[in-house]
Amino acid sequence: MSVSGELIAFFGLALVAILGGVLLITLTKVVHMVIALVFTFLSIAGIYLLLSAEFVAIVQILIYSGAITIVMLFGIMLTKHRENDEPAKGGWQRFFLLLAIAGFAVAVYLGIYNLDIPVQPTALHEENTKQIGIELFSKYVIPFEVMSVLLLVALVGAIVLAKKDDEEGDRS
Amino acid sequence: MMENAWLIPIFPLVAFLVLLLVGGRLRERGAYIGIIFTLASFMLSLLTLMERFSAPTYKKTLEWLTLGGTQLTAGFEINQLNALMLVIVSLVSLLVQIYSLGYMKGEGRFSTFYAYLGFFTFAMLGLVMAPNLVQLYFFWELVGVGSFLLIGFYFYKQEAKAAAKKAFIMTRIGDVGLLIGIILLFWETGSFEYGEIFQAVQSGVISDGSLTLIAILIFVGAVGKSGQFPLHTWLPDAMEGPTPVSALIHAATMVAAGVYLVATMFPLFLASEAAMQAVAITGGFTAIFAASIASVQKDVKRVLAYSTISQLGFMMLALGTAGYVAGVFHLMTHAFFKALLFLAAGSVIHAIHTQDIERMGGLWARLKWTGPLFLVGTLAISGFPLLSGFFSKDEILMAAWTNGNYFLFILAVITSFLTAFYMFRLFFMIFAGESRRQAKQVKESPAIMLLPMLVLGVLAVISGYIQTPWFGTFLGEWLVEGNETVLGAAHSEGPAWVMILAVSVALAGILLAYMKYARTKLPREGLVKENSTLYRVLENKYYMDEIYYFTIVQMIKGISLFLSYMERFIIGGLISTVTGSIEGMGKIGSKLQSGQVQQYGMIAFLGLAVLLVIFALTGGYLR
Amino acid sequence: MTGVPLSAYLVLALVLFCIGLYGALTKRNAVIVLISIELMLNAANINLVAFSKLGVTPSITGQVFSLFTITIAAAEAAVGLAILMSLYRNRKTVNVDEMDIMKH
């Protein structure tokens, strides 16, 4: 496998994504953690581009890097968190978790290693957004609508939950 | 009258119960209840004995338990031996109770004392009336309890407490032997009834080996109760009890129970040559062994205790040499004169408040009644001619001689000599010599105490005449009546020189004691020096107590220490391991329920990871 | 078509998933826990998109489903934060360790 530009791009993006994840774990300030994660989300969007999924990449940037990160930052600010998030778990618990994760990773990696799927030509990159739109509104209309209902429910639910209790008491 | 004989032990039992219930209120009057009931018991015994002279053996049993094919019975039997024993026990008990009226005066727990005496008398009478071995064992143990209570009557005295425990434990060792013997006997014959057992023994169903084993085990029981070597050590210590108790239990009745047991089971012993040998040798050895200790002891009651052991050994010797009549005869005469001696000794102690014979002396003039009565008892036990002890001892020597066991015969002769010697040593040290006290300090005992002694004194003189070589052998003929083949001759015929020998050794013993202790013609230290090794060995009773202490007691202490550590560390550790592990498991379980969502997630994921790894390692997917 | 093999994407997704899992199970701040869960969802998304191009039957469906997943993740983040807010108002903490009232 010759070194192509695609490969270089993949490794660069993957490095940034993993670095962001590692920073998430190692940093101590909560705000820094969230910022580190933004890099991960952005590089994942890059990965999507490499996979000929332009629309998903854009959505990823909009939703994750934009909306969710901002919401999380608001959440952090509103909850008057302790500045530093020190891990409190016991050493042996952490050790067992790491062991389990390592075991899990190895097991899954074995599965990936044994995976051999021939690469087939695709036309995903041609008019990607149009393809998605056609698929979404022809084949997956009902899930799409259900999804919108779900979003509405989540919206209402979030408002109800976040609303102050005494306000509710005043109204009723 | 014999059909009502079951009332004989009931009377003392009633006395015991009444005193137990209302004794506290009656105080000293409680004594009369005990005496009246025992008197009734004695009268009935006497009537029963009278009737038994002419009537055959009366036996009445009721079915008690049916176990499989075996029936256990309870009841009573009046044969010659039983009738005789009933009279001896009830008479001595009655006299002792009368005597105690004076002796125990001022004692706070007066009624308790009489309650115990009643209980003991009940147990002893029940023992001698028992028609089978189960009942006998039952009363045998009750006698032990009664003895325990009475020895420990002064329970606030440390020595009395220890002595009571010692007596109980030492006799218990023998009791275990008896119990095993009874069980083995039941196993072999399938019955507890004397009659059936003897029938089985005579028909030869039981092998010689097991017969000997059973006989020896039963004899072990007798050894424990009768204070024979090597289980004798409790008897001298039991003198810590009140003196009347010593007279009743440790002279006349309970210790005779062992002899009675052997006499009752005589046909069984006769069937085994080895068992007879064991009985005779144990008896003979104990007789000379205890007599040698008695020669140096300084406590009047201890001298009498060792003398009792020695005389019991004599009886065993007689039984072991097939002298059934001789043994029982000596049992009877001994009961009278030894009870007399104890009561007289009690009277002396009552008068001068010490038991140390070295601090006595010159009391002959002061104690005008006690002195002669003590002399009568001493003469009787020494085998002085024409007194009861003379005839019974003569009978035993004859039995030993005719049996052909000359070694035992010589032992018996030496013991006779020693008996005469130490008894007169005791007598002279108490009554002869110069007085060491002021006259007014020494008071003769009240009449209430002298009366029983008088009765016993008379009996000690005349009771021998029922079995003499000259005036007929009434007792012996009566005892063996109907059983001549088993129990042997009514009278052992022996050469006349045996009697002369017995008399001469007795007189020699008396003379030696007279020289040494009354006239001081011979130096007191002539025979055995005060500080010689032999003297010290005798003084310390051959160090038997010490030997027991350093061997058995220490061994048991070691074992129990080991077991206690085993209990504490091994078993306790095991249990705490079990509880600890369960507790730990519970703690881990409760820790799992921490409410921490992350922990739950972690554990769930751990499970998933383990499953995945197992799956991947054991031939995973897509492979 | 030479390019990045499928397994490379899958390994990247696996690594991100493991990081997210670790963060979700060890961090004490509830907000970080939520973000870690988002990271895990993203890792799953990578898989969906990768399979949509390099799978056995390449199809646009994978991308469509990744859009659904993103929507769900957004809704989850919103509701999760709302719950966090109300909890914080009641208990003055966002520490996961102290959120064990269901136990009592």
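Chains as they are written, first to last, in this note's numbering: chain C, 1141 to 1312; chain X, 6 to 628; chain Y, 15 to 118. Glycine included, each C-beta is placed from N, C-alpha and C at the ideal position. Only a predicted model underlies this, so the values are computations on that prediction, with no experimental measurement involved.
Beta-ladder partner(s) of X:Tyr119, from DSSP: None, per the DSSP bridge assignment.
Interfacial residues, the stretch 593–609 of chain X to chain Y, with Cβ spacing under 8 Å: Taking 8 Å as the Cβ-Cβ cut-off against chain Y, the residues of the stretch 593–609 of chain X that qualify are Gln598, Ser599, Gly600, Gln601, Val602, Gln603, Gly606, Met607.
Burial state of X:Ala609, where buried means 16 or more other Cβ atoms lie within 10 Å: Of the other Cβ atoms in all chains shown, fewer than 16 fall within 10 Å of the Cβ of X:Ala609; this residue is therefore exposed.
Minimum length 4: unbroken alpha helix (DSSP H) runs contained in the stretch 291–342 of chain X: List check, alpha helix (DSSP H) in window: 305–325.
Rounded Cβ spacing between X:Phe334 and X:Glu400 (contact assumed at less than 8 Å): Correct: roughly 6 Å between the Cβ atoms.
Beta-bridge pairing of X:Gln207 - partner residues as DSSP gives them: None; X:Gln207 has no bridge partner.
X:Tyr554 versus X:Lys64 - alpha carbon distance: When rounded, the distance between both Cα atoms is 46 Å.
Per-residue contacts from C:Lys1267 into chain Y (C-beta, under 9 Å): The identity of residue 1267 of chain C in the sequence shown is Glu, whereas the question assumes Lys. Chain Y residues near C:Glu1267: none, gap ~10 Å exceeds 9 Å.
Segment limits, beta strand (DSSP E) that includes Y:Tyr23: For Y:Tyr23, no beta strand (DSSP E) run applies; the uninterrupted alpha helix (DSSP H) run containing it begins and ends at 20–40, by DSSP.
Below-9 Å beta-carbon distance, C:Ile1203 vs any chain X residue: No, its Cβ sits nowhere closer than 9 Å to a Cβ of chain X.
N-terminal and C-terminal residue of the alpha helix (DSSP H) that X:Lys596 is part of: X:Lys596 -> alpha helix (DSSP H) spans 577–597.
Neighbourhood of C:Ala1185 by C-beta distance below 6 Å, restricted to the same chain and skipping five residues each side: The residues are Ala1197, Gln1200, Ile1201.
Delimiting residues of the beta strand (DSSP E) encompassing Y:Ala96: Careful: Y:Ala96 lies outside any beta strand (DSSP E), inside the alpha helix (DSSP H) at 75–105.
First and last residue of the uninterrupted alpha helix (DSSP H) at X:Gln76: Following the DSSP letters along the chain, one finds X:Gln76 in no alpha helix (DSSP H) but inside the beta strand (DSSP E) bounded by residues 75–83.
Min CB distance Y:Ala38 to chain X below 9 Å: The beta carbon of Y:Ala38 sits closer than 9 Å to some beta carbon of chain X.
Alpha-carbon to alpha-carbon, Y:Val70 and Y:Gly34: Computed Cα separation, rounded: 28 Å.
Near-chain C residues of the stretch 565–586 of chain X - C-beta to any C-beta below 7 Å: Result list empty, no residue passes.
Minimum Cβ-Cβ distance from C:Phe1235 to chain X less than 9 Å: Chain X contact via Cβ: absent.
Cβ-based contacts, 9 Å cut-off: residues of the stretch 38–52 of chain Y near chain C: Against chain C - using a Cβ distance shorter than 9 Å - the residues of the stretch 38–52 of chain Y are Leu39, Thr40, Lys41, Arg42, Asn43, Ala44, Val45, Ile46, Leu48, Ile49, Ser50, Glu52.
Minimum Cβ-Cβ distance from Y:Ala22 to chain C less than 9 Å: Chain C contact via Cβ: present.
Short-range partners of chain C found in the stretch 77–94 of chain Y, where Cβ spacing is below 9 Å: Taking 9 Å as the upper bound on Cβ-Cβ separation, chain C lies near residues Gln77, Val78, Phe79, Ser80, Leu81, Phe82, Ile84, Thr85, Ile86, Ala87, Ala88, Ala89, Glu90, Ala91, Ala92, Val93, Gly94 of the stretch 77–94 of chain Y.
Rounded straight-line distance, which links the Cα of X:Met259 to that of X:Gly39: Answer to the nearest angstrom: the Cα atoms are 19 Å apart.
Identified DSSP bridge partners for X:Lys64: Answer is X:Glu82, bridged to X:Lys64.
For X:Glu198: DSSP bridge partner residues: Looking at the DSSP assignment, X:Glu198 forms a beta bridge with X:Asn137.
Near-chain Y residues of the stretch 1168–1196 of chain C (beta-carbon distance less than 8 Å), N- to C-terminal order: Listed in chain order, the positions of the stretch 1168–1196 of chain C with a beta carbon within less than 8 Å of a beta carbon of chain Y are Val1170, Met1173, Val1174, Leu1177, Thr1180, Phe1181, Ile1184, Ile1187, Tyr1188, Leu1190, Leu1191, Ser1192, Ala1193, Phe1195, Val1196.
Whole-Å CB distance - Y:Ile49 paired with C:Leu1177, under 8 Å assumed: 6 Å between Cβ atoms; contact.
Contact set between C:Gly1243 and chain X, taken where Cβ atoms lie within less than 8 Å: Against chain X, a Cβ distance below 8 Å from C:Gly1243 picks out Ala614, Val615, Leu617, Val618.
Unbroken alpha helix (DSSP H) run spanning C:Arg1234, endpoints: In the DSSP assignment, C:Arg1234 falls within the unbroken alpha helix (DSSP H) covering 1231–1253.
C:Leu1191 - DSSP class collapsed to helix/strand/coil: In the structure shown, C:Leu1191 adopts coil according to DSSP, grouped into three states.
Helix, strand or coil at C:Thr1262 according to DSSP, with G and I counted as helix: In this structure, C:Thr1262 counts as coil in the three-state DSSP scheme.
Whole-number beta carbon distance between C:Ala1294 and X:Val618, since they are thought to touch under 8 Å: The C-beta distance from X:Val618 to C:Ala1294 rounds to 37 Å, too long to meet the 8 Å contact threshold.
Buried or exposed by the 16-neighbour rule on C-beta atoms within 10 Å, applied to X:Met281: That one is buried.
Whole-Å CB distance - X:Gln85 paired with X:Arg114, under 8 Å assumed: About 39 Å separates the two Cβ atoms, so there is no contact after all.
Interface flag, Y:Met113 vs chain C, CB-CB below 9 Å: Output row for Y:Met113: interface = no.
Chain X contact for C:Val1289 (CB, 9 Å cutoff): Chain X has no Cβ within less than 9 Å of the Cβ of C:Val1289.
Close beta carbons around X:Ser50, own chain, < 6 Å, minus the five adjacent residues each side: Cβ neighbours of X:Ser50 beyond the five flanking positions: Ile13, Leu91, Val92, Ser95.
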